[in-house]
Each structure stands twice: as structure tokens, then as C-alpha cells.
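Each residue of the sequence shown is one higher than the one before, starting from 1 at the first, in the numbering used here.
Backbone N, C-alpha and C fix where the C-beta goes; we use that ideal spot for every residue, glycine too.
Structure first, commentary second.
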Amino acid sequence: MENRERSFTKVQLQCFVATVLCLLTMMGSPARGQELDKAIAMMTDGNFLKAAEIAATMESSKGFTLAARALAIYGYEIAPENKRQELFLRAMGYAYKAIELNANSSEAFLEVSHTLGRYAQTVGVAEALSEGFAERIKAATDKAIEIDPQNYRAHLSVGAWHSEIVAAAGFMAGLLYGANEEDSLVAYQRALNLKPNSSTVHFEYAVGLMRLDDKNLNLAREHLQKAISVPVKDAYGQIIREKALQNLAQLQKNRG
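As C-alpha cells, this is what we get:
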């Protein structure tokens with residue numbers, strides 16, 4: 001009888017613990033969702049640093065991915081030059097934490113590529129190439145596409161990778177890294193097919209075209225005009241629009 005009572009008590013305890021854990025999980029998920037929504041709202045309004053801070057405290061793959069993206073955008077678009085490298089290092093750390101928590105997240109691998117690329121820009125072309133940044137960036141982007149072939153931003157990243165390597169290494173780009181103009185244009189077009197009404201796609205496509213060859217300038221001009229025509233929905237969209245206007249003005253000036 002005593003053994004049965006002990007057994008029954010043990011079962012009751014196990015059920016109680018399971019119930020508590022279930023309740024905690026149910027309570028925690030909405031809270032995490034609210035924090036993610038708050039971070040997204042901060043990014044929409046252009047408060048990238050606060051967005052990164054909130055997202056990182058979630059300590060989830062989605063949170064770290066968003067934190068990495070927010071910091072990288074702030075570092076590249078807004079921060080003073082002497083602060084950029086530090087911000088990109090932090091962003092890289094968040095991106096790697098994101099893939100540690102979810103190795104099947106296309107967006108997390110894309111942010112690894114994104115933040116590596118931004119950091120590489122702060123150390124100079126020669127050092128970045130010699131230290132293997134080109135290979136690491138491409139590997140992360142390829143993984144993002146392997147996980148989600150419909151990730152248009154990953155295809156944009158591939159296009160940018162090829163165009164930047166070609167611009168930096170010239171005729172050696174293909175021999176050393178397998179980078180070439182044709183693959184760049186194919187990747188940009190793939191991104192455009194996936195997201196034809198994205199100002200970011202049109203802008204990045206235009207920048208890639210300008211980077212590759214002067215013969216592409218008319219098409220680049222068309223994409224800049226399309227980027228400008230897309231309605232602005234958030235702070236980053238406004239940044240893209242202003243940059244598109246600046247690039248278009250420069251093209252028109254050079255043309256005249």
C-alpha cells in the first residue's frame with residue numbers, strides 16, 4: 001500500500017511538473033512574439049540600434065538574425081566611419097549565434113554573409129581577399145539559397161558577390177574565385193523575378209550593373225528609376241530611395 005502511494009505521488013509530481021512547463025511555454029511564446037514585433041516596429045521607424053537591442057535579448061535564432069541585420073544596416077548607412085568595424089563585428093556575432101540556434105534558417109545564413117561582407121569592406125579589398133572573406137561570404141550565401149531557393153535577398157547577395165569580386169580583381173576574378181559578370185547578372189535577374197516590385201532589388205541590381213561595365217548604364221538607369229517609383233513603406237525603404245536618387249543624379253551628370 002505504501003509503495004502504491006509513493007508511486008502515485010511520484011506520478012502526480014511528474015504531471016504537475018509537465019503542466020507547469022507547458023504553461024510556462026505557452027506564456028513565453030507570446031512574450032517572445034511581442035518582443036519580435038516590437039523590434040520589427042523599431043526597424044520600420046528607423047531605430048535600428050534599439051531594434052537590435054530588443055531582438056538580441058530574445059536569444060532566439062529569429063531574434064539574433066534581426067539583431068544582426070539591424071546592426072549591419074545601422075553600421076553601413078548611419079554610423080560614423082570610426083564606429084563601423086565594431087558594429088559589424090557585433091552583427092557578425094549575432095548572425096553566428098542565429099545559425100547555432102537554427103542551422104536550417106536561410107535568413108540566418110544570409111545575415112552571416114551580409115555581416116561578413118560589411119566587415120570586409122572596413123579592412124580593405126586586398127586584406128579581405130587574402131584573409132578568405134570572399135570564400136566565406138559565398139559559402140554562407142550558397143547555404144542560404146540551398147535552404148530556401150526562393151530567398152530573393154540571397155540571390156541579390158550572389159549578384160553583388162560576383163560584381164564586387166570582378167570589380168576588385170579584374171581578369172583574375174574568375175581564375176581565383178570563380179566570379180564573373182554573367183553569373184552576377186543571372187543572380188540579379190533571379191532576385192528580380194522573385195521580387196519584381198522591391199525597391200531594394202532594383203537599386204542593388206542597378207549598383208551591380210554600374211559596377212560591372214559602362215555598357216550597362218542605360219539598364220542601370222532604368223532600375224534606379226523603378227527603385228525610386230516604389231512606394232516607401234519603412235525607414236530602410238526611404239534610405240534606398242534617397243540612394244537611388246543620388247545615383248541617378250550622378251548618372252545623369254556623367255551623361256551630360
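Neighbourhood of residue i by C-beta distance below 6 Å, restricted to the same chain and skipping five residues each side
| i | result |
| --- | --- |
| residue 55 | 39, 63, 66, 67 |
| residue 52 | 67, 70, 71 |
| residue 211 | 163, 167 |
| residue 106 | 144, 147, 148, 151 |
| residue 75 | 84, 87, 88 |
Per-residue burial, residue i [other beta carbons within 10 Å of its own, 16 or more giving buried]
| i | result |
| --- | --- |
| residue 111 | buried |
| residue 176 | exposed |
| residue 13 | Low confidence applies to residue 13: its pLDDT is 47, below 50, so where it sits in the model is not reliable enough to give any reading. |
| residue 153 | buried |
| residue 126 | exposed |
| residue 181 | buried |
| residue 61 | buried |
| residue 118 | buried |
Terminal residues of the alpha helix (DSSP H) in which residue i lies
| i | result |
| --- | --- |
| residue 179 | First-last for residue 179: undefined, no H or E at that position. |
| residue 166 | 152-169 |
| residue 58 | From DSSP, residue 58 is part of no alpha helix (DSSP H); its letter is neither H nor E. |
| residue 83 | 81-101 |
| residue 135 | 133-147 |
| residue 254 | 235-255 |
| residue 125 | 125-130 |
| residue 228 | 217-229 |
| residue 207 | 199-212 |
From the options, residue whose alpha carbon lies closest to that of residue i
| i | options | result |
| --- | --- | --- |
| residue 183 | 122, 157, 201 | 157 |
| residue 261 | 239, 83, 103, 225 | As shown, the chain starts at 1 and ends at 256. That puts residue 261 outside it, with no answer to give. |
| residue 146 | 92, 119, 104 | 104 |
| residue 264 | 140, 128, 102, 246 | Outside the shown range of the chain (1 to 256) lies residue 264, about which nothing can therefore be said. |
| residue 174 | 237, 93, 42, 134 | 134 |
| residue 87 | 102, 155, 98, 120 | 120 |
Sequence-distant residues of the same chain with beta carbon closer than 8 Å to residue i, five excluded per side
| i | result |
| --- | --- |
| residue 35 | 54, 55, 57, 58, 63 |
| residue 241 | 199, 227, 228, 230, 232 |
Close Cβ partners of residue i (< 7 Å) along its chain, the five nearest in sequence each way excluded
| i | result |
| --- | --- |
| residue 90 | 71 |
| residue 136 | 116 |
| residue 221 | 248, 251 |
Chain C within 7 Å of residue i, Cβ atoms only
| i | result |
| --- | --- |
| residue 47 | Annotation note: the requested chain C is absent from the structure, which comprises a single protein chain. |
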